[in-house]
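Notes follow the structure.
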Amino acid sequence: PEPTPEPTPEPTPEPSPEPTPEPSPEPTPVYGTYQYAFDGAEEQIDGLIQCWQNRSIVASVPIGAVDTSNGFVSEAFDMVLPSIRTSGSSDSIIISPFTNFLSPAIEEIIRSEGLDQNLTVTDGCTALGDSIQEKVDDKVDEIIAELDSLFGINYYDLVSDFIAGQTNDVLTEEKAIIIARWLPFLTSLKLDISDEMTATFNERVVPYFSMDEESRNRILSDETLEDIALDFSSYYVGPTNSSGWYYDQNIFSYGAKLNISGQVVPWKCADGSESCLFTSYGLDSIYNSSIWYMNRRSFRNDNAISGHENKLLEVYVEDESRWISNTGFPGDPLYDENSLRRDCLTKEEIRYEEPFNDDITFRFTFNYGFNNIDINVLDCRTLEGIEDPLDLTFLEHYAQNSANQTEELMIQMNSGPNELVHLDNEIINIWENRETFDVAPLLNEIDDYPKTLKDISTLRAKVQQDDYISVYLTIRDSNGIPEYTYHLRVQANENDDSFWETTGLGNDWVDSGLRGQEARNSFHEKLKQTEKLNLDSIAGSSPP
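First residue of the sequence shown: 1, per our numbering; consecutive thereafter.
Here it is as structure tokens:
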């Protein structure tokens with residue numbers, strides 16, 4: 001028989017589609033619940049919120065964020081707003097590159113108030129915080145007034161959405177992009193220097209950088225901006241040791257610049273090259289690039305030193321790089337940029353002043369360190385440790401006469417390298433010994449130390465062979481500029497003493513040719529002709 005065929009399967013029916021579900025309503029968001037455990041807590045929290053709204057705001061933009069104008073953020077940067085203020089009818093505040101134009105107000109008040117670090121949250125909402133914020137607001141008002149005068153920009157313009165066209169025609173997206181290019185460099189510089197200072201002090205210290213006024217105005221005026229100024233300052237107060245000594249550190253610099261590639265540009269190339277750049281950030285780059293860089297740590301004790309209550313004492317160490325002219329320091333009226341040299345100094349100094357009588361003041365100075373004068377290398381740090389340290393001691397008496405001139409008698413003693421021979425209680429390496437140093441023995445010694453021309457015979461015994469002590473008599477005008485200066489060079493052999501003189505700033509000394517007793521006679525005569533310093537207790541009744 002024929003085989004029975006396999007039955008043909010029925011076609012599988014298409015599945016019926018599931019009915020489209022009705023859309024579920026969005027869940028109601030669940031907000032945190034806060035419990036106030038004591039009476040008045042809610043009012044206290046509201047007060048803090050109100051306080052915070054009137055304090056500075058920093059918007060930190062991290063790597064990976066997306067900038068509306070520049071896209072992916074590859075380098076972190078900060079934007080600052082000094083405070084949220086009433087700004088017209090708008091309920092929103094925009095923190096943008098333009099609000100950074102107001103940050104110098106914060107920096108200036110921090111410097112002027114001597115704040116070594118930011119206030120704590122608690123202190124920031126006290127009367128102290130209110131007082132500081134009022135001063136910041138006053139400075140903001142000054143900046144706004146200037147921007148309004150120059151560019152017609154008001155506060156509302158700065159905190160409004162410039163991309164949406166809510167500001168005036170000056171604040172454009174293109175200009176915000178230009179500013180934003182500089183912000184990562186300034187932030188990196190701030191963080192690198194902060195890390196360096198924090199490692200020194202074991203406490204977080206943050207310097208302040210912002211775009212300078214000239215650069216700001218050039219951007220707003222549509223000028224090309226190739227570099228911006230890197231002027232900055234920082235202030236810090238250290239802990240108190242068991243003897244009551246503490247220190248404050250004050251850094252300032254100006255003259256260095258930052259270019260559009262993020263490189264530090266020196267004010268002048270000390271090695272004589274046409275251009276020179278530093279690619280690393282840190283204090284050394286600022287040090288080598290500034291017209292004047294000063295890092296000073298001043299040691300203080302609020303308790304008077306027993307037996308020396310009348311002394312106005314200063315103890316400090318400093319690290320300095322400066323472009324100085326033959327006629328003065330940067331900022332002096334006679335500063336001449338056409339006669340410049342670069343000096344790099346690392347020194348520590350102990351000095352004090354006290355009354356000698358009603359008219360005359362005595363000043364003592366002990367200076368120890370490295371004085372690299374008129375150098376021509378780009379990096380001064382390469383010079384440290386090459387030369388031996390210098391030890392300088394100055395003993396001065398000065399007074400103002402009836403002609404409004406300053407009469408000044410100064411004895412200067414130099415020790416040879418590594419030969420601290422003038423004083424028995426000299427203090428060196430103050431920073432390294434900041435926990436234990438004691439200045440009282442040195443002050444006791446100076447009280448009994450020979451200090452004047454009449455004591456030259458005693459001082460001569462401290463002169464090493466081939467060395468000498470310099471005694472200067474200077475008459476200065478009412479502006480402190482020397483009119484006449486006389487110099488007695490005291491040698492180990494009294495017959496080799498010599499007398500020199502000069503006028504003005506003292507660039508051309510003239511050797512009188514007088515030697516020995518004649519040199520001392522001539523200097524003594526000049527000193528006795530002064531109005532205030534002619535006392536026998538200073539000049540002696542007769543030449544030494």
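We put the beta carbon where it would ideally sit given N, CA and C, even for glycine.
For the pair T279 and Q263, the CB atoms are nearer than the 7 Å cut-off. Under DSSP, C344 takes part in a beta bridge, and its partners are S321, N372. Residue range 245-254 is occupied by the beta strand (DSSP E) that includes W245.
Take Y287, set aside five residues on each side of it, and the residues of its chain with a beta-carbon closer than 6 Å to its own are Y293, S321, in chain order. Judged by DSSP secondary structure, K268 falls outside any beta strand (DSSP E); it is assigned neither H nor E.
Distances from the CA of N371 to each of F362, L383, D379 were compared; the closest alpha carbon is that of L383. Contact annotation: V140 and L183 have beta-carbon atoms that are not nearer than 7 Å. Ranking D227, E445, E274 by CA distance to the CA of N259 puts D227 first. The alpha-carbon of V490 is positioned some 26 Å away from that of K347. Y352 and L312 do touch by the CB rule: their CB atoms are close to 6 Å apart, below 8 Å. Under the criterion of beta carbons closer than 8 Å, R520 and P543 qualify as touching, at roughly 5 Å. Burial check for D336: the Cβ neighbour count within 10 Å stays below 16, so the residue is exposed. Here F77 is near V61, since their CB atoms are less than 7 Å apart. According to DSSP, L81 shares a beta bridge with I57. Under the three-state reduction of DSSP output, I177 falls in the helix class. The C-beta of P355 has fewer than 16 other C-beta atoms within 10 Å across all chains shown, which makes the residue exposed. M413 sits in a strand when the DSSP states are folded into three classes. Straight across, the Cα-Cα distance linking Y156 with A105 is about 17 Å. In this structure, the alpha-carbon of T122 lies about 18 Å from that of R204. Between T361 and the set A176, F72, V170, L533, the nearest pair of CA atoms involves L533. Within the same chain, R341 come within 6 Å of D374 by CB-CB distance, once the 5 residues on both sides are set aside. For Q400, the enclosing beta strand (DSSP E) stretches over residues 390-400. Annotation for D227: the continuous beta strand (DSSP E) segment containing it runs 227-229. According to the DSSP assignment, F523 belongs to the alpha helix (DSSP H) that extends over 517-528. K451 and G307 have their C-alpha atoms some 19 Å from each other. Under DSSP, W292 takes part in a beta bridge, and its partners are Y254, R322. Looking at the backbone, the Cα of G540 and that of S194 are separated by about 55 Å. Judged by DSSP secondary structure, L473 falls within the beta strand (DSSP E) whose first and last residues are 468-476. In the three-state reduction of the DSSP assignment, S233 falls in the strand class.
Close CB contacts of Y468 within its chain, under the 7 Å cut and outside five residues either way in sequence, are with R489, V490, Q491 (chain order). As the crow flies, the alpha-carbon of A399 is around 42 Å from that of D138.
A Cβ-Cβ separation of about 14 Å leaves S215 out of contact with Y254 under the 8 Å criterion.
Excluding residues up to 5 positions away in sequence, P450 lie with their Cβ nearer than 6 Å to the Cβ of T458 in the same chain. Remark: C-beta atoms of V159 and I94 approach each other more closely than 7 Å. According to the DSSP assignment, F499 belongs to the beta strand (DSSP E) that extends over 498-503.
Nearest neighbour of E223 by Cα position, chosen from S261, S275, P207, V170, turns out to be V170.
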